[in-house]
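Student:
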Amino acid sequence: MARLDMTETFHHISFPGHIHTQDSLNYALHFQFRDRDTVIATYPKSGTTWMQEIVTLVKNRGDPQLSKTVPNWARAPWLEQHYSAKVLEATQGDRIITTHLPYNLLSSALQGSKAKVIYVARNPKDVAVSYYHFHKMAKFLPEPNSFDEFLDSFLEGSVSYGSWFDHVKGWTSQAGVLANGLYISYEEMWLSLAAENWKERRPKDMLAFGMTSEIYLRERMLRDLQGSMERISSFLHCPLVGDELTNSLRHCSFSSMSDNAMVNYTQIPKEIMDHSKGKFMRKGKIGDWRNTFTEEQIGIFDTVYSYQMKDCPLTFMWECPPESCGGGGGGQASGDQDRALILHDAGD
Ligand SMILES: Nc1ncnc2c1ncn2[C@@H]1O[C@H](COP(=O)(O)OS(=O)(=O)O)[C@@H](OP(=O)(O)O)[C@H]1O
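Heads up: the sequence shown begins at 1 in UniProt numbering, then just goes up one per residue.
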């Protein structure tokens, strides 16, 4: 089957050409955010769909009706994609807006805005693996050869949507600056929301996140259970109670979302996504990169990561195994807004 991999280049970043145009990208740059908008900003494969589902459920107080009947791209459209203007202009009241754009492209549109912004980041090694598999099935992205070759493009930032490093550094530079920003990591969401998974986790998976003891696991599970959902819902001023919270947790679990045709992309025609090459809801794990990366690739990745992130004053959750974060606390999941993604400022 032929691939659709025409590209739209905008501000030196390439975007899939079948859904982006110069007009749609310019529309995003000059977008007028409303105070009631919630913006979900992510680099691809960092938990976008998951957060779209969480925000939809929170705003509907755990009622899954909308999540189960309206595709995610229609209820939380990507600002930069060509159909979004029509959808967003027709929406009254609260809007959920998704974007993969780097912060520098949206900074003037967000200037002075009271829109709420949720930024989700994920361990870039897991992002690279997820993105590689997505390239195999998404016919609007270039067909990848080996993982090794793909990793080179990922590290140099020549993949669609640009450099992971620029994206994360750009958005996190606004932590504490953006009027209404919530920063969270895929890892924290996973630890909190996928708590049901803990019972099935094998030691190998725990080690992937640097978890070494049963006791730590149990403590972590108790402390973090529901933590992310509560944090997000209170940030959105829709604190959930009782069944609202339980239902939301149930419907945004990996298994529930894997079965939901409104988010698992199974309804996308095979000319656009070749479902024989893989699943959008692929594994939904943290630390799975260990099953793909060779020792050599780990070395190269870590060198580039250290270089690229050397001026970033923040420590991210994936950089910090529990033992080295003080008190075995890992993500230190306190109620503190930015602590989970950003453990501490180097200047602390
Ligand atoms: N509920 C839930 N729990 C755990 N993990 C989840 C969940 N929903 C989506 N995912 C995983 O997120 C990855 C897809 O990322 P994105 O949604 O950002 O992709 S995209 O940018 O919109 O294409 C992709 O990760 P990988 O499985 O590692 O490929 C999805 O499986």
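Idealized CB from N, CA, C, for every residue including glycine.
All values reported here derive from a predicted model rather than from experimental measurement.
Please name the residue in Asn264, Gly62, Thr48 and Pro313 whose C-alpha comes closest to that of Met229.
Tutor: Gly62
Student: Report the residue from Phe134, Ala28 and Gly93 whose alpha carbon sits nearest the alpha carbon of Gly278.
Tutor: Phe134
Student: Can you round the beta-carbon distance between Phe280 and Asn264 to whole angstroms, since I take them to be within the 8 angstroms contact cut?
Tutor: 6 angstroms
Student: When you compare each of Met189, Tyr307, Arg3 and Glu244 to Lys139 by their alpha carbons, which one comes out closest?
Tutor: Closest by alpha carbon: Arg3.
Student: Unbroken alpha helix (DSSP H) runs of length 4 or more, entirely within the stretch 131-164: which are they?
Tutor: 147-156
Student: Using only CA atoms, which one of Leu88, Thr38, Pro124 and Tyr27 lies nearest to Phe293?
Tutor: In terms of Cα proximity to Phe293, the closest of Leu88, Thr38, Pro124 and Tyr27 is Pro124.
Student: What is the DSSP secondary structure of Ser14, counted as helix, strand or coil?
Tutor: strand
Student: Using C-beta distances below 8 angstroms, list every residue in its chain close to Asp243, excluding the 5 sequence neighbours before and after it, in chain order.
Tutor: Gly62
Student: Who are the Cβ neighbours of Ala208 in its own chain at under 6 angstroms, not counting the five residues just before and after it?
Tutor: Annotation note: pLDDT 48 at Ala208 (below 50); position unreliable, coordinate value reported separately. Taken in chain order, the residues that qualify are Gly287 and Arg290.
Student: Taking DSSP as the reference, what is the three-state secondary structure of Leu25?
Tutor: helix
Student: Going by the CB atoms, is the gap between Lys59 and Asp94 shorter than 9 angstroms?
Tutor: yes
Student: Using only the alpha-carbon positions, how far apart do Glu188 and Met51 sit?
Tutor: 12 angstroms
Student: Let me check one thing: in DSSP terms, what residues is Tyr119 bridge-paired to?
Tutor: Ala41 and Tyr183
Student: Suppose you measure from the CA of Tyr27 to the CA of Trp318; what does that come to, to the nearest Å?
Tutor: Taking the CA atoms as reference points, Tyr27 sits about 35 angstroms from Trp318.
Student: Distance check for Gln226 and Glu219, CA to CA, integer angstroms please.
Tutor: Low per-residue confidence applies at Glu219: pLDDT is 47, beneath 50, and the placement is therefore not dependable, though the value from the model is reported in the following sentence. When rounded, the distance between both Cα atoms is 14 angstroms.
Student: Tell me the DSSP bridge mates of Glu8?
Tutor: Phe15
Student: Ignore the nearest five residues each way along the sequence and tell me which others in Pro64's own chain have a CB closer than 6 angstroms to its CB.
Tutor: His251
Student: Give every residue of the same chain whose Cβ lies closer than 8 angstroms to the Cβ of Leu178, excluding the five residues on either side of it in the sequence, and list them in chain order.
Tutor: Leu110 and Val117
Student: DSSP puts Met273 in a beta bridge; with which residues?
Tutor: Among the bridge pairs identified by DSSP, Met273 is matched with Ala138.
Student: Measuring from the CB of Arg34, is there a heavy atom of ligand 1 at a distance below 8 angstroms?
Tutor: no
Student: Just mark Gln22 as buried or exposed, buried being the case when its beta carbon has 16 or more other beta carbons within 10 Å.
Tutor: exposed
Student: Which one or two residues does DSSP pair with Trp78 in a beta bridge?
Tutor: Thr98
Student: DSSP on Ala261, reduced to helix/strand/coil?
Tutor: coil
Student: Look at the Cβ atom of Asn104, then the Cβ atom of Gly181, and state whether they are nearer than 9 angstroms.
Tutor: Cβ atoms of Asn104 and Gly181: not closer than 9 angstroms.
Student: Does Arg61 come out as helix, strand or coil in the three-state DSSP assignment?
Tutor: coil
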